[in-house]
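Right, one structure below, let's go through it.
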Amino acid sequence: MQLQLTNPFAGHKDGRVVRWRVEPGMVAVYEHHWRAHVRGKITSMTLSSWGDLWTASSGGTIRAWQYQSGLPASRPPVKLFECRRCKTSMGPSVRGNAPRPHSKARLLCLGPSGRVVWSAGRTGMALWGAYDGEFLGMLVSGLQQDSRMASGAPPGGAAAAGAYAGDTGALYRDGGMQQQQQQQQLEINPQTGLEAGQINRPFQPRRVLDPGDDAEAGDPDLYLGQQVIKGLAGAAKLAFKLGKKIRQNFAETTGVGVASEAGGISEVNGIGPGSRGKVVALLPGLDQSVYVAYQRGLLEKYTEWGRLLWSRDYGRRMELYSAALVGSLLWLGCGDGNIRTAAAASGEVCHAWKAHVFPVVGLAHDLGSTGRGSALVYSLSENGSVRGWPAALPSEAQRLAWRDGLLPSLRPHKLAVLAATWNVNETRPSPQSISKWLEPASRADIVSISLQEVEMGTSSVAWDAAVTLLSKSMLERGNQNAQWWATELAAALTATGRSWERVALRQMSGLVIVVFCRTELQAHVGEVATANVACGVMGVGGNKGAVAVSMSVFRRRVMFVCSHFAAHQERVDDRNENYNKIVRMLHFDNTSKVAQQQLLLRQQQQQMLQQAGETGGDGAVESDFDSVVTPFTVANTGVSASENEDDGHGPGLSDAALLVWAGDFNYRINGTYAEVREWSCTLALRRLFELDQCRIEMEKGNVFRGLREPLPLGHPVFVPTYKFDKNEPHRFIPPLEPGSRGRLILPYDSSEKQRVPAWTDRVFFRGSRPGSLDVAAEEVIVTMARAPDYNCVLEVNDSDHKPVFALLQVQLPGYAQEQKRRHSLASALAVHQAALCTQALGSAVQQPQPVQVSVSRLDLRYNCTSTLDLFNCSTASVIVQVMAERRLSGSSGAHALAPLPSWLEVSPITFSLAPRLMEGNIGGDPSQGHARVSLRVLAGESLRPSEPLQLRFVLRPLWGFETLSAALGPVVTLTIR
192 MQLQLTNPFA GHKDGRVVRW RVEPGMVAVY EHHWRAHVRG KITSMTLSSW GDLWTASSGG
252 TIRAWQYQSG LPASRPPVKL FECRRCKTSM GPSVRGNAPR PHSKARLLCL GPSGRVVWSA
312 GRTGMALWGA YDGEFLGMLV SGLQQDSRMA SGAPPGGAAA AGAYAGDTGA LYRDGGMQQQ
372 QQQQQLEINP QTGLEAGQIN RPFQPRRVLD PGDDAEAGDP DLYLGQQVIK GLAGAAKLAF
432 KLGKKIRQNF AETTGVGVAS EAGGISEVNG IGPGSRGKVV ALLPGLDQSV YVAYQRGLLE
492 KYTEWGRLLW SRDYGRRMEL YSAALVGSLL WLGCGDGNIR TAAAASGEVC HAWKAHVFPV
552 VGLAHDLGST GRGSALVYSL SENGSVRGWP AALPSEAQRL AWRDGLLPSL RPHKLAVLAA
612 TWNVNETRPS PQSISKWLEP ASRADIVSIS LQEVEMGTSS VAWDAAVTLL SKSMLERGNQ
672 NAQWWATELA AALTATGRSW ERVALRQMSG LVIVVFCRTE LQAHVGEVAT ANVACGVMGV
732 GGNKGAVAVS MSVFRRRVMF VCSHFAAHQE RVDDRNENYN KIVRMLHFDN TSKVAQQQLL
792 LRQQQQQMLQ QAGETGGDGA VESDFDSVVT PFTVANTGVS ASENEDDGHG PGLSDAALLV
852 WAGDFNYRIN GTYAEVREWS CTLALRRLFE LDQCRIEMEK GNVFRGLREP LPLGHPVFVP
912 TYKFDKNEPH RFIPPLEPGS RGRLILPYDS SEKQRVPAWT DRVFFRGSRP GSLDVAAEEV
972 IVTMARAPDY NCVLEVNDSD HKPVFALLQV QLPGYAQEQK RRHSLASALA VHQAALCTQA
1032 LGSAVQQPQP VQVSVSRLDL RYNCTSTLDL FNCSTASVIV QVMAERRLSG SSGAHALAPL
1092 PSWLEVSPIT FSLAPRLMEG NIGGDPSQGH ARVSLRVLAG ESLRPSEPLQ LRFVLRPLWG
1152 FETLSAALGP VVTLTIR
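Using this note's numbering, the first residue of the sequence shown is number 192, and each one after it goes up by one.
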């Protein structure tokens, strides 16, 4: 017998819903689709206990769909009803003109009793009858009620209208006191919930929808309006991007407005109607409750009929993006990439771990059988990555055993990485010069090429500014100059006799970075992203700054950065500031923006603490989360705050397991032209390096913190690479006496400016950051085989800079993903099995049914409520779900689980059963392992079933307690008199 519904639905952004068929061990098969909503995308769906599919759209509409019995699976459902903020008793004409449920419907949730559906817009919620779509009322949150009472406003007055006008789509006009009273009647007071009359509504046949009720489909005026709205939205988006860019640049240069970009210190503990943020989750509880999670760190628990039980504010530092109820715990997906768990009974946070780099935007619990290795909780990150976690949280010993068991799947990969940099001074060198420069590529697996001054001038900077604002794809394609270089570089690499593939290109004015990999390595390269940071004209010009490429190799993040810093001998501080801006602001599309905001927020909090210390205050920022955030965050990362901040890298750079940074950094040598030129010609390189500005600033900790330059001898083995006379070759004069060194004749700047020679063109690198790994074997190690592998090419004289290259040897451990996945699933299954009661594991002795029902057969009557009782006779907790059991057509004796028939109401349909001797269930109410289920039959003789109905109680694990495995529970036969 099937324990799972085999027909999942998928909602699409064009308003379509697609139905699939999924069988165990088989791929999903398409069945059919239909246009559920014309206006907006599908934002949420839920199934009622009768099998009706509820759909919500971003256009604010909510509809219910029903499959007609006897029709083939290829036929789409019919629309059962559409929700309107109006009572069904007021008639079709009034309902047709009634407001939509929300201006944008975002979430749907079926209550545990199966009798009520909750819907949420951005901040407001509404309750609906699950059977007929009856509007029960708008829920005014506890915070809004508190704010009204504090301000002295009446509960149903103008303040109430203002609180909901933007979310529910209401149009409040000057209707006077009468309209305000009508509005008050439609609100649900969270202190009391729904009135008894609305809860105990009669179970009556629902109205059949007239074909003319669907005013949305095919309306040409509506379609025209949609196109106008889309056009206006596009123009507004362009204006917003321009304004945001200006604000960011202003904030970077002045420091003003950073607090608001980071989330705002002043709002960390803000409480009020505007401080909750949007509703991100509606969750049915197991104790006739509903949980509501808000983005700004607020969690509320209501009865399913709208009475507020408690509210817990975790503070802005714990932004919520998703939530799921997993047994006795609420799993909370947070903006910092962590998953935190809270007790479902109280909301108290008890565990936390780093799940993703990006915000966790989705959580889903597989309720399947543990025997098939399921019962996992899946998390979806903002960047699209999906990970699975055991529903029963592992102990520390189990976690360590899982980690140690991964080591056999860790594979060492040895790669040669060529990092090449050249300031080409607007020249287009000969193919021979490029090939000479890239000769070491014949020994490389990955090649990163950094170019500076591919083009120069105000027109280039203006072009880059416009393209950066309007089209990132043009920056990754490059203009004519960048494309010429990409073609010539690919030809030079092909000439090495190996096959290469271009991974990425990024241009910013005269800066270009191009990354290639060997063809046989391409299958292991992915997650490619590019970025740039401008530091040039007025702090925002693209003539100076950085372009970068981020990618994964064997699932490890590798990053290449190309930079051009401020020029001139005396501008050391400006170069240092270029570096600091790049490490702070470099950000990829696959780098978490929330991490960047939290970095700024943490810096501001440190400033607040320092100021509080100076004034004698304790500087504490209180929230319910303060007591657990520090130990869990530190314990699960293995890195102290100081270690994380030693190199000063923001989220863009800190994520890299391998970082290679090359470019024209413009650091000079502190000396006169004559003495530096003489020491260069006589190869007194150690003496010159002592005067190198970059070395001095690195020793001070001002730049390239945590990075190294490949200098096996302690200094470069090549002469300063700047500034040369173009097209002038160098010469070597052999030594006149045995044992003495020869002399180079180097054509350094012979103009009247006579710029001091310098090592402006450099390569820096790092492997794994110290303290960033839980497993030492995962460390990325970077070395260089021999000193000449970091060198310049003196023979190439097309530019006033000499091209530089560094051939790095990289040990990059990576996991064999299939082996890692199998081990992780086996470990999760072991964790689940350890959490199950021994009674559920099977034995030679026949065990009694763990959950028993008071009757095996029940006679139902019209307009009467019947009840039956369930008892948990085991020593373990369990979740019970009520479903119908129907005979499969064409088979003898085979049955399958199915939704309830439309003539039967069962309440509740999902609940928890504690052991008989347990002093309370997960909701905190006293329990002796007993639950009562109510049943009602729809009035009307025409719906009398032809044969008795089998009602099946399905048992599922209640993780967090000793529990039972998924199984079929007792069955009750229902007949109607």
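Glycine included, every Cβ here is placed at the ideal spot set by N, Cα and C. On a predicted model such as this, the values are computed, not experimentally measured, just so you know.
Integer Cβ distance of residue i from residue j, believed to fall under 8 Å
{"i": "residue 1177", "j": "residue 208", "result": "The shown model of the chain, from 192 to 1168, leaves out residue 1177, and the question about it has no answer."}
{"i": "residue 695", "j": "residue 740", "result": "4 Å"}
{"i": "residue 969", "j": "residue 601", "result": "7 Å"}
{"i": "residue 991", "j": "residue 917", "result": "6 Å"}
{"i": "residue 499", "j": "residue 491", "result": "6 Å"}
{"i": "residue 312", "j": "residue 294", "result": "6 Å"}
{"i": "residue 902", "j": "residue 921", "result": "Incorrect: roughly 22 Å between the Cβ atoms, too far for contact."}
C-beta contact flag for residue i and residue j at 8 Å
{"i": "residue 515", "j": "residue 1148", "result": "no"}
{"i": "residue 769", "j": "residue 757", "result": "yes"}
{"i": "residue 326", "j": "residue 275", "result": "yes"}
{"i": "residue 1051", "j": "residue 1129", "result": "no"}
{"i": "residue 981", "j": "residue 954", "result": "yes"}
{"i": "residue 533", "j": "residue 540", "result": "yes"}
{"i": "residue 1146", "j": "residue 1046", "result": "no"}
{"i": "residue 977", "j": "residue 850", "result": "no"}
{"i": "residue 737", "j": "residue 780", "result": "no"}
{"i": "residue 384", "j": "residue 501", "result": "no"}
{"i": "residue 524", "j": "residue 554", "result": "yes"}
{"i": "residue 1124", "j": "residue 1162", "result": "no"}
{"i": "residue 556", "j": "residue 583", "result": "no"}
{"i": "residue 684", "j": "residue 753", "result": "no"}
{"i": "residue 898", "j": "residue 750", "result": "no"}
{"i": "residue 747", "j": "residue 1005", "result": "yes"}
{"i": "residue 743", "j": "residue 717", "result": "yes"}
Proximity winner among the options, relative to residue i (alpha-carbon distances)
{"i": "residue 909", "options": "951, 944, 504", "result": "951"}
{"i": "residue 552", "options": "512, 585, 481", "result": "512"}
{"i": "residue 290", "options": "299, 250, 255", "result": "250"}
{"i": "residue 1048", "options": "1074, 891, 1166, 1072", "result": "1166"}
{"i": "residue 965", "options": "654, 940, 597, 526", "result": "597"}
{"i": "residue 725", "options": "689, 1099, 778", "result": "778"}
{"i": "residue 866", "options": "889, 949, 848", "result": "949"}
{"i": "residue 915", "options": "947, 928, 283", "result": "947"}
{"i": "residue 636", "options": "715, 1069, 620, 210", "result": "715"}
{"i": "residue 146", "options": "493, 585, 1168", "result": "Outside the displayed range of the chain (192 to 1168) lies residue 146, so it cannot be described from this structure."}
{"i": "residue 1010", "options": "1154, 272, 774, 599", "result": "599"}
{"i": "residue 298", "options": "328, 271, 253, 530", "result": "253"}
{"i": "residue 204", "options": "227, 994, 676", "result": "227"}
{"i": "residue 1095", "options": "1107, 1079, 877, 1139", "result": "1139"}
{"i": "residue 272", "options": "524, 286, 260", "result": "286"}
{"i": "residue 480", "options": "1155, 1102, 882", "result": "1102"}
{"i": "residue 722", "options": "202, 667, 766, 728", "result": "667"}
{"i": "residue 658", "options": "765, 732, 764", "result": "732"}
{"i": "residue 687", "options": "663, 729, 623, 246", "result": "623"}
{"i": "residue 634", "options": "610, 620, 619", "result": "610"}
{"i": "residue 699", "options": "728, 692, 718, 693", "result": "728"}
beta-carbon residue i near the ligand SAM non-hydrogen atom, thresh 7 Å
{"i": "residue 231", "result": "Looking for the ligand SAM in the displayed structure turns up nothing, as the structure carries no ligands at all."}
Check your understanding: Does the segment 673-690 come close enough to the segment 631-651 that 3 or more CB-CB pairs lie under 8 Å?
Key -> yes
Review point. Touch check for the segment 591-606 and the segment 999-1007: three-plus C-beta pairs under 8 Å?
Key: Flag = yes, the segment 591-606 and the segment 999-1007 touch.
Review point. Taking only runs of the alpha helix (DSSP H) that begin and end inside the segment 263-325, which ones reach a length of at least 4 residues, in chain order?
Key: The segment 263-325 contains these whole alpha helix (DSSP H) runs: 283-287.
Practice item. Evaluate contact between the segment 978-986 and the segment 905-923, counting only Cβ atoms and requiring at least three cross-stretch pairs below 8 Å. Key: A contact exists between the segment 978-986 and the segment 905-923.
Review point. Contact between the segment 569-577 and the segment 1011-1031: three or more CB pairs below 8 Å?
Key: In this structure the segment 569-577 does not lie against the segment 1011-1031, because fewer than three pairs of beta carbons, one per stretch, are closer than 8 Å.
Review point. Using 8 Å as the threshold, is the segment 611-629 in touch with the segment 848-858, meaning 3 or more CB pairs across them?
Key: yes
Exercise for review: For the segment 606-648, list the beta strand (DSSP E) runs that are entirely contained and at least 3 residues long, ordered along the chain.
Suggested key: Correct list: 637-643.
**Study point:** Stretch pair the segment 300-309 + the segment 233-250: three plus CB contacts closer than 8 Å
**Key:** yes
Check your understanding: Where in the segment 1012-1074 do unbroken runs of the beta strand (DSSP E), each at least 3 residues long, occur, reported from the N-terminal end onward?
Key -> 1042-1044, 1048-1051, 1056-1063
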